[in-house]
Amino acid sequence: SIILPSDFEFIIDKGVNLQVSTNASLIVNNKMNINGDINNPVIFSGINDNFWPGVIVLANNEEVYIDSLIIRNTTGKNILGFDFRGGFTLHRAKNFKMENVSIFESLSEDAINIIESNGIIKNLNVSNTKSDALDLDFSKVDIFSSNFKNIGSSTGADAIDLSGSTVNIKKVNITNVKDKAISVGENSISDIENVIIENSLVGIAVKDSSK
C-alpha cells in the first residue's frame with residue numbers, strides 16, 4: 595500500500611495511470627491534488643483490471659481538489675486490515691472540489707463515501723455498482739450535472755444517500771436503481787431541482803425528520 599504521512603501532500607498530474615495490486619490501497623493523510631483533464635484523465639485501477647481495496651483520504655480539514663479522475667473495480671475491503679464502506683472515502687475535507695470524476699464497477703458498500711466534509715461535486719458519473727453510489731454523511735455539498743446509472747446489482751442500493759447532511763442537487767440524471775434514487779435521511783436538508791429519475795424502485799425518500 596501507499597501510505598502518505600500527515601506532512602506530505604498527494605499531487606498527481608494529468609495522464610497518470612496508477613495500477614494497484616489486489617491487496618494494496620492508497621491512504622492519504624493530508625491534502626490531495628489531482629490535476630487531470632478531460633483528454634488526459636488520471637486513472638486508478640487494479641493491475642490487469644482486477645479488483646482492489648480502494649482509496650482513503652483523511653484530509654484533516656485541508657483542501658482536496660480532484661479533476662478528471664477515473665476509478666475502477668474497488669471493494670473497500672481489507673484496507674490496512676479493516677473494511678470500509680467506500681471504495682473511495684473522503685473524510686473531513688475543507689472546501690473540496692470534485693469535478694469530472696467517473697467510478698465504474700464498484701463492489702464496495704458505497705462507491706464514494708464523503709464524511710464531515712464541505713465542497714462541490716460537478717460532473718460525477720457512477721455506474722455499475724454492487725450497492726450505493728454516493729453516500730454523504732454529516733457533510734455540506736452541492737452536486738451539479740452528474741449521472742448515476744445501473745446502481746445496485748443487489749437490493750437495498752441507493753444512488754444518492756444523505757445522512758445528517760445539507761445537500762443541493764441540481765441537473766442530475768439517475769437511471770436503473772435497485773432501491774432509492776435519492777434518500778434524504780437522518781435529519782438531512784436537501785434542495786432538489788431539475789432531476790430526472792428513471793427505473794428506480796423509489797424515486798425520492800424523505801425520512802427521519804429530514805426536509
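Counting in my numbering, the sequence shown runs from 595 upward without gaps.
Glycine included, each C-beta is placed from N, C-alpha and C at the ideal position.
Give the straight-line distance between the Cα atoms of V610 and S803, rounded to the nearest whole angstrom.
-> Going by C-alpha positions, V610 is about 44 Å away from S803.
Determine the contact status of N719 and S696, defining contact as a CB-CB distance below 7 Å.
-> Taking 7 Å as the Cβ cut-off, N719 and S696 qualify as a contacting pair.
Do you know whose CA, among K774, N633 and S595, lies nearest G675's CA?
-> Restricting attention to K774, N633 and S595, the CA atom closest to the CA of G675 is found in S595.
Which value, in whole angstroms, describes the spacing of the CA atoms of I791 and N744?
-> I791 and N744 have their C-alpha atoms roughly 12 Å apart.
Following the continuous beta strand (DSSP E) through G750, name the residue where it begins and the one where it ends.
-> First-last for G750: undefined, no H or E at that position.
Could you work out which residue in D643, M692, N712 and D731 is closest to Q613 when comparing CA atoms only?
-> Nearest C-alpha to Q613: D643.
Separation of K671 from E710, as counted between CA atoms = About 21 Å.
Whole-angstrom distance between I754 and F742, CA atom to CA atom | Going from the Cα of F742 to the Cα of I754 covers about 9 Å.
Quick one: residues in its chain with C-beta nearer than 6 Å to the C-beta of D752, no 5 flanking neighbours on either side, listed in chain order?
-> Taking C-beta separations shorter than 6 Å and ignoring five residues to either side along the sequence, the partners of D752 in its chain run D726, D773, K774 and S777, following chain order.
Using CA coordinates, which residue listed in L756, K691, Y659 and S740 is at the minimum distance from N707?
-> Looking from the CA of N707, the closest CA among L756, K691, Y659 and S740 belongs to L756.
Specify the secondary structure class of D643 as computed by DSSP and reduced to three states.
-> DSSP, read as helix, strand or coil, puts D643 in helix.
Rounded Cβ spacing between V651 and A687 (contact assumed at less than 8 Å) = 7 Å between Cβ atoms; contact.
Measure from the alpha carbon of N624 to the alpha carbon of each residue in F638, F602, S615 and I641, then state which is nearest.
-> Comparing C-alpha distances from N624 to each of F638, F602, S615 and I641 shows the shortest one belongs to F602.
Find the nearest neighbour of I664 within the set K724, E656, P647 and S639, judged by alpha-carbon distance.
-> Measuring from the Cα of I664, the nearest candidate turns out to be S639.
What are the residues that DSSP puts in a beta bridge with I737?
-> DSSP, once it has assigned bridges, lists I715 and I763 as partnering I737.
Considering only the beta carbon of each residue, do S784 and V766 sit closer than 7 Å?
-> For the pair S784 and V766, the CB atoms are not nearer than the 7 Å cut-off.
Can you tell me whether G713 is buried or exposed, with buried defined as 16 or more other CB within 10 angstroms of its CB?
-> Here G713 is buried: its Cβ has 16 or more other Cβ atoms, across all protein chains shown, within 10 Å.
What is the DSSP secondary structure of S725, counted as helix, strand or coil?
-> Coil.
Whole-number beta carbon distance between S600 and N655, since they are thought to touch under 8 Å = That belief does not hold up - the Cβ atoms of N655 and S600 are roughly 12 Å apart, past 8 Å.
Enumerate in chain order the residues of its own chain whose CB-to-CB distance from G681 is below 6 Å, with the five nearest sequence positions on each side excluded.
-> Excluding sequence neighbours, G681 sits near G648, T668, G670, S700, S702 and A705.
Paired residues, beta bridge with L652 - DSSP | BP columns for L652 point to H685.
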